[in-house]
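Report on one structure; see the data block that follows.
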Amino acid sequence: FAATDEQRFDTPDAQLLQRFATHAAIAIANSRLHQESSERAKAAAVASERERAMLEVHDSIGRGLANVTLRIADAHAAVSRGDDPLPALTQAQQAAQETMNEGRRAVWGLGPAGMAGRPLADSIGLELEWVQATSDLAPTFRVFGDPQPLSKNVEMQVLRIIQESLTNVVQHARASMVRVGLVYGSEGIAVIVEDDGCGFDPETAGQKGVGLSGLVARAAQVGGKVRIDSTSGWGTRIRADLPFQPALNGNADGPRLRVVVVHPLPAMRTGLVRLLDAAEPGVQVVAEVAEVAPAVEAVRLLRPHVVLAGTRVPGATGTELVSGLRAAAPSVGVVGVIDPGTPEAELRDWASAGVRGFVQADVDATTLGRVVVGVARGDVLVFGEVLAQLGGMPAVDGERLTGRELEVRRLLEQGLADKQIATRLGISAKTVEKHVSAILRKGGVRSRTELLART
162 FAATDEQRFD TPDAQLLQRF ATHAAIAIAN SRLHQESSER AKAAAVASER ERAMLEVHDS
222 IGRGLANVTL RIADAHAAVS RGDDPLPALT QAQQAAQETM NEGRRAVWGL GPAGMAGRPL
282 ADSIGLELEW VQATSDLAPT FRVFGDPQPL SKNVEMQVLR IIQESLTNVV QHARASMVRV
342 GLVYGSEGIA VIVEDDGCGF DPETAGQKGV GLSGLVARAA QVGGKVRIDS TSGWGTRIRA
402 DLPFQPALNG NADGPRLRVV VVHPLPAMRT GLVRLLDAAE PGVQVVAEVA EVAPAVEAVR
462 LLRPHVVLAG TRVPGATGTE LVSGLRAAAP SVGVVGVIDP GTPEAELRDW ASAGVRGFVQ
522 ADVDATTLGR VVVGVARGDV LVFGEVLAQL GGMPAVDGER LTGRELEVRR LLEQGLADKQ
582 IATRLGISAK TVEKHVSAIL RKGGVRSRTE LLART
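For the sequence shown, the positions run 162 to 616 when my numbering is used.
Quick look at the structure:
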């Protein structure tokens, strides 16, 4: 690098050059991470548009075909009674034509035809007329609070959520009553659909079709959320809480939860990304890295909510990796993906370092999504099979625990979160937190992860 052959470099010159090289390497890494983040954002936007089109086609065609099926059933019934089936068949033909038109509108992104130039309440009224025309139900509709202006996107999602919910009632619920309500609050609108039908198990029903998961995805697209309460034989209540305007950090403009994946094996990184894409539309993987130093730099630069890290990342122990990630972003939640052959002692080191959750390497998409969302929310999630690998909860003197505390501890050993324990025991989540605090205090530990780490 010298201007003449006589120039000689000494140790300070070499150190200065090394510092320049380090800064250049960091700049190159930052540029690469920014490029990867931009590419992922574009891919997320494409995936979001594909999801929108899929949901629109599902809602439009599924609803239309249900209408056609009902009309054909009416025609069969007319034939069996000796009546003329032609009116029912004519209605089926009209329903099929309307379904084709709605399918085209869905693909073109034009939204439901029922919204064309109508206020939201009038569009909902048309949906209730459809319910009356296709079933024996007499639905009721009420509006609470002072109506506020909604963005077009939010208004469309409100109507689509109501359409899908009512279609499920007509097709599956065998209900005698259905109620629809809009509740305008100070920050958003709540959509409520209730029926007294046969009910279902939300956990298993969500695996059978697009409908229920589509409700959740629709709400997430505008920064909202959906709660589904249903019990077999006791009916169903669906509540969707949506903002008046799409949330800036919602799926309307990009996924809400940022995740960094750290694993030395490319196939594992790709697999984890695919599982998250399948389970949680509101999650965006912003970086995939294979080593510790790039992982720490990615966390410092991209500020993810959650890091999914393999337990056998070369170059650092579990304690060093978790500590480095949390030093780069103290609020980040780290989830350990247990690689085959990881000794139990290393897992306990991870727990002691403050990891917020563990999953097995063969985790399914639903469980992985639950863990990422839960950890981003602040929960500590260790599922039962992982807890068993850690040897279960450390023993606490049973004489010092109350009966209720023993019940809570047994459910903690199964890997349940506070809300799940509250549901099992019929108590509030706040009460569960108090019992957990007592268990930790009596066990002489400061956190659940430390409780797991102790023998």
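Built from N, CA and C at the ideal position, the CB exists for glycine as well. Here the structure is a predicted model, which means the values were calculated and not measured.
Mind checking whether residue i and residue j have CB atoms under 8 Å apart?
i           : j           : result
residue 259 : residue 225 : yes
residue 354 : residue 343 : no
residue 318 : residue 379 : yes
residue 566 : residue 599 : yes
residue 376 : residue 315 : no
residue 239 : residue 253 : no
residue 362 : residue 396 : no
residue 586 : residue 526 : no
residue 420 : residue 469 : yes
residue 443 : residue 418 : yes
residue 285 : residue 320 : yes
residue 359 : residue 337 : no
residue 588 : residue 572 : no
residue 704 : residue 293 : The requested residue 704 is not part of the displayed model; the chain covers only 162 to 616.
residue 322 : residue 401 : yes
So the beta strand (DSSP E) residue i belongs to, where does it begin and stop?
i           : result
residue 588 : No beta strand (DSSP E) contains residue 588, which DSSP labels as neither H nor E.
residue 303 : 301-305
residue 398 : 396-404
residue 471 : 467-471
residue 355 : 349-356
residue 392 : 386-392
residue 488 : Taken as a continuous stretch (DSSP letters only), residue 488 belongs to no beta strand (DSSP E), being part of the alpha helix (DSSP H) at 479-489.
residue 493 : First-last for residue 493: undefined, no H or E at that position.
residue 298 : Counting along the chain, residue 298 falls outside any beta strand (DSSP E), and DSSP gives it neither H nor E.
residue 169 : Careful: residue 169 lies outside any beta strand (DSSP E) and carries neither H nor E.
Skipping 5 residues on each side, what residues in its chain have a beta carbon closer than 8 Å to that of residue i?
i           : result
residue 473 : 425, 500, 502 and 503
residue 480 : 510, 511, 513 and 514
residue 476 : 452, 453 and 454
residue 335 : 358 and 359
Would you kindly work out how many angstroms separate the C-alpha atoms of residue i and residue j, rounded to a whole number?
i           : j           : result
residue 552 : residue 506 : Since pLDDT at residue 552 reaches only 47, below the 50 mark, its modelled position is unreliable, and the value read off the structure follows with that caveat. Answer to the nearest angstrom: the Cα atoms are 11 Å apart.
residue 593 : residue 518 : 19 Å
residue 434 : residue 299 : 46 Å
residue 438 : residue 530 : 9 Å
residue 368 : residue 440 : Low confidence applies to residue 368: its pLDDT is 45, below 50, so where it sits in the model is not reliable enough to give any reading.
residue 516 : residue 478 : 13 Å
residue 455 : residue 590 : 39 Å
residue 348 : residue 340 : 23 Å
residue 432 : residue 524 : 10 Å
residue 178 : residue 491 : 32 Å
residue 196 : residue 578 : 37 Å
residue 183 : residue 461 : 17 Å
residue 493 : residue 186 : 25 Å
residue 326 : residue 386 : 15 Å
residue 176 : residue 483 : 30 Å
residue 189 : residue 449 : 16 Å
residue 429 : residue 596 : 38 Å
residue 557 : residue 508 : Note that residue 557 scores a pLDDT of 45, beneath 50, so its modelled location is shaky; the value from the coordinates is reported in the next line. Their Cα atoms are separated by approximately 21 Å.
residue 563 : residue 584 : 19 Å
residue 471 : residue 406 : 39 Å
residue 290 : residue 390 : 25 Å
residue 234 : residue 388 : 33 Å
residue 532 : residue 520 : 8 Å
residue 570 : residue 487 : 28 Å
residue 180 : residue 465 : 28 Å
residue 302 : residue 280 : 15 Å
residue 142 : residue 580 : As shown, the chain starts at 162 and ends at 616. That puts residue 142 outside it, with no answer to give.
residue 313 : residue 261 : 23 Å
Within the continuous alpha helix (DSSP H) that includes residue i, where are the two ends?
i           : result
residue 292 : 281-295
residue 432 : 427-440
residue 461 : 453-463
residue 531 : 526-538
residue 503 : Looking at the DSSP string, residue 503 is not in any alpha helix (DSSP H), and its letter there is neither H nor E.
residue 324 : 313-329
residue 418 : Not the alpha helix (DSSP H): residue 418 falls in the beta strand (DSSP E), residues 418-423.
residue 577 : Taken as a continuous stretch (DSSP letters only), residue 577 belongs to no alpha helix (DSSP H), as it is neither H nor E.
If I'm right that residue i touches residue j with Cβ under 8 Å, what's the distance once you round it to whole angstroms?
i           : j           : result
residue 324 : residue 288 : 6 Å
residue 453 : residue 422 : That pair is no contact at about 14 Å.
residue 498 : residue 467 : Residue 498 to residue 467, Cβ: 12 Å. No contact.
Between which residues of its own chain and residue i is the CB-CB distance below 6 Å, once the five residues before and five after are set aside?
i           : result
residue 229 : 253, 256 and 257
residue 304 : 343
residue 236 : 246, 249 and 250
residue 192 : none
residue 296 : 331
With a CB to CB cut of under 7 Å and the five nearest residues on each side skipped, what residues in its chain are close to residue i?
i           : result
residue 232 : 249, 252, 253 and 256
residue 489 : 457, 460 and 461
residue 282 : 304
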